[in-house]
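Student: Can you read through this structure? Questions will come right after.
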Amino acid sequence: MDFFSKDEADVIGEISNISIGSSATSMNKMLGQPIKITTPDVSLVHKDEILKDYKNSCILVRVQYTQGLSGNNMLILKDKDAKIITDLMMGNDGTGEYSQSDITPLHISAISEAMNQMTASSATAMSKMFDKKIDISPPTVQQVVVENYVFPDDISDELFVKINFWMRIGKLIDSTIMQLYPFDLAHSIYNLFQRRN
177 MDFFSKDEAD VIGEISNISI GSSATSMNKM LGQPIKITTP DVSLVHKDEI LKDYKNSCIL
237 VRVQYTQGLS GNNMLILKDK DAKIITDLMM GNDGTGEYSQ SDITPLHISA ISEAMNQMTA
297 SSATAMSKMF DKKIDISPPT VQQVVVENYV FPDDISDELF VKINFWMRIG KLIDSTIMQL
357 YPFDLAHSIY NLFQRRN
């Protein structure tokens, strides 16, 4: 299939909205901050263009489906948002030392824990939605330098479905979070949805 229909975009947007909404509930409990996430904007993007809106570096979260689906789901966060989330997870108010420093292994560890809980909630939501067991691997989190980043060999897709959400965390974060599905995975998710209906 060499195109992405409006119906597919609407379905993927709806599924992502439910999944991210479930993830936001988990994040709210972790951070103790009100979290608001807007309706997603869904588009098809070539992998060379994915990081063009990010300056210098960003945080890439990669989750592999191990049951029910096959492929990788990715999330991209801005460095400054990851720092604020880490500061909150360390018991500060989001403006403390961890929000000001460079990204360190502690930041990566904190974001890994946050994403682990968020993506587990997302997988549970998808399992309920499809009435099918959806399992994921623990997320891998890394800071990537935008101009140097090359997608790993096991993610060979040229096209990705990009889902952009606007995320607000209290009065601390007012920013975007990007979710990425390789095209073939997005199509598989769409087919699951169609079979459910």
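If you use my numbering, the sequence shown closes out at 373, no skipped numbers anywhere. Using N, Cα and C, we set each Cβ at its ideal position, and we do this for glycine too.
Entirely within the stretch 323-362 and at least 3 residues each: give me those beta strand (DSSP E) ranges in chain order.
Tutor: 335-345 and 349-358
Student: With DSSP as the reference, please indicate the residues paired to L253 in a beta bridge.
Tutor: Locating residue 253 in the sequence shown gives position 77, counting from the first residue. Per DSSP, I235.
Student: Check N268 in the structure and name its three-state DSSP category.
Tutor: As a first step, residue 268 must be located in the sequence shown, where it is residue number 92. Coil at N268, not helix or strand.
Student: Skipping 5 residues on each side, what residues in its chain have a beta carbon closer than 6 Å to that of A286?
Tutor: Translated into the one-based positions of the sequence shown, residue 286 becomes position 110. For A286, where only same-chain residues beyond five positions count, the Cβ hits under 6 Å are T262 and M265.
Student: Specify, as a first and last residue, the run of the alpha helix (DSSP H) that K182 falls within.
Tutor: Counting from one through the sequence shown, the residue named residue 182 turns up at place 6. Here the alpha helix (DSSP H) through K182 covers K182 to L207.
Student: Reducing DSSP to helix, strand and coil, say where K223 ends up.
Tutor: Within the sequence shown, residue 223 is the residue found at index 47, counting from 1. It is helical.
Student: Which residue comes first and which comes last in the alpha helix (DSSP H) that contains K421?
Tutor: Since the first residue shown for the chain is 177 and the last is 373, residue 421 is missing from the structure and cannot be characterised.
Student: Using a threshold of 8 Å, state whether the C-beta atoms of P216 and N367 are closer than that.
Tutor: What you label residue 216 is simply residue 40 of the sequence shown in a count that begins at 1. What you label residue 367 is simply residue 191 of the sequence shown in a count that begins at 1. Not in contact: P216 and N367 (Cβ atoms no closer than 8 Å).
Student: Return the first residue and the last residue of the alpha helix (DSSP H) that T295 is part of.
Tutor: Reading the sequence shown from its first residue, position 119 is the one you call residue 295. Counting along the chain, the alpha helix (DSSP H) containing T295 begins and ends at P281 to F306.
Student: Assuming the contact rule is C-beta atoms closer than 8 Å, I353 and L227 should be a hit. Round their C-beta distance to whole Å, please.
Tutor: Taking the sequence shown and counting its residues from 1, one reaches residue 353 at position 177. Taking the sequence shown and counting its residues from 1, one reaches residue 227 at position 51. Rounded, the Cβ-Cβ distance is 14 Å, inconsistent with contact.
Student: Hey, how far is the Cα of A362 from the Cα of V337?
Tutor: Along the sequence shown, one-based indexing puts residue 362 at 186. Along the sequence shown, one-based indexing puts residue 337 at 161. The straight-line gap from Cα to Cα measures roughly 7 Å.
Student: Compare the Cα-Cα distances from S202 to each of D360, Q318 and T295 and report the closest residue.
Tutor: If you number the sequence shown from 1, residue 202 lands on position 26. If we check each option's Cα against that of S202, T295 comes out closest.
Student: Let me confirm a value: V317 is counted as buried when at least 16 other C-beta atoms fall within 10 Å, else exposed. Which label applies?
Tutor: Numbered from 1 along the sequence shown, position 141 holds the residue referred to as residue 317. The residue in question, V317, is buried, as its Cβ has 16 or more Cβ neighbours within 10 Å.
Student: One question on the structure: do I213 and G189 come within less than 8 Å of each other, judged by their Cβ atoms?
Tutor: Position 37 of the sequence shown, counting from 1, holds the residue named residue 213. Position 13 of the sequence shown, counting from 1, holds the residue named residue 189. It is not a contact, given that the beta carbons lie outside the stated cut-off.
Student: From the DSSP output, in three-state form, read off I211 for me.
Tutor: Your numbering for residue 211 matches position 35 in the sequence shown. Here I211 sits in strand by DSSP.
Student: Note the first and the last residue of the continuous alpha helix (DSSP H) segment covering S275.
Tutor: As a position in the sequence shown, residue 275 is number 99, starting the count at 1. Unbroken alpha helix (DSSP H) run through S275: E273 to Q276.
Student: DSSP has Q370 in a bridge; who is on the other side?
Tutor: Stepping through the sequence shown from its first residue, residue 370 is reached at position 194. Looking at the DSSP output, Q370 bridges to nothing.
Student: Could you check the C-alpha separation between A290 and I194 for me, to the nearest Å?
Tutor: For the purposes of this step, residue 290 is identified with residue 114 of the sequence shown, where counting begins at 1. For the purposes of this step, residue 194 is identified with residue 18 of the sequence shown, where counting begins at 1. Cα to Cα, the separation comes out at about 18 Å.
Student: Are the stretch 298-312 and the stretch 268-282 touching, with three or more C-beta to C-beta distances below 8 Å?
Tutor: no
Student: With a cut-off of 8 Å on the beta carbons, I'd call I312 and V239 a contact; round off their distance for me.
Tutor: Taking the sequence shown and counting its residues from 1, the one referred to as residue 312 is at position 136. Taking the sequence shown and counting its residues from 1, the one referred to as residue 239 is at position 63. At roughly 5 Å, the Cβ-Cβ gap stays under 8 Å, so I312 and V239 are in contact.
Student: Buried or exposed, going by whether 16 or more other CB atoms sit within 10 Å of the CB of V218?
Tutor: Within the sequence shown, residue 218 is the residue found at index 42, counting from 1. Flag for V218 reads buried.
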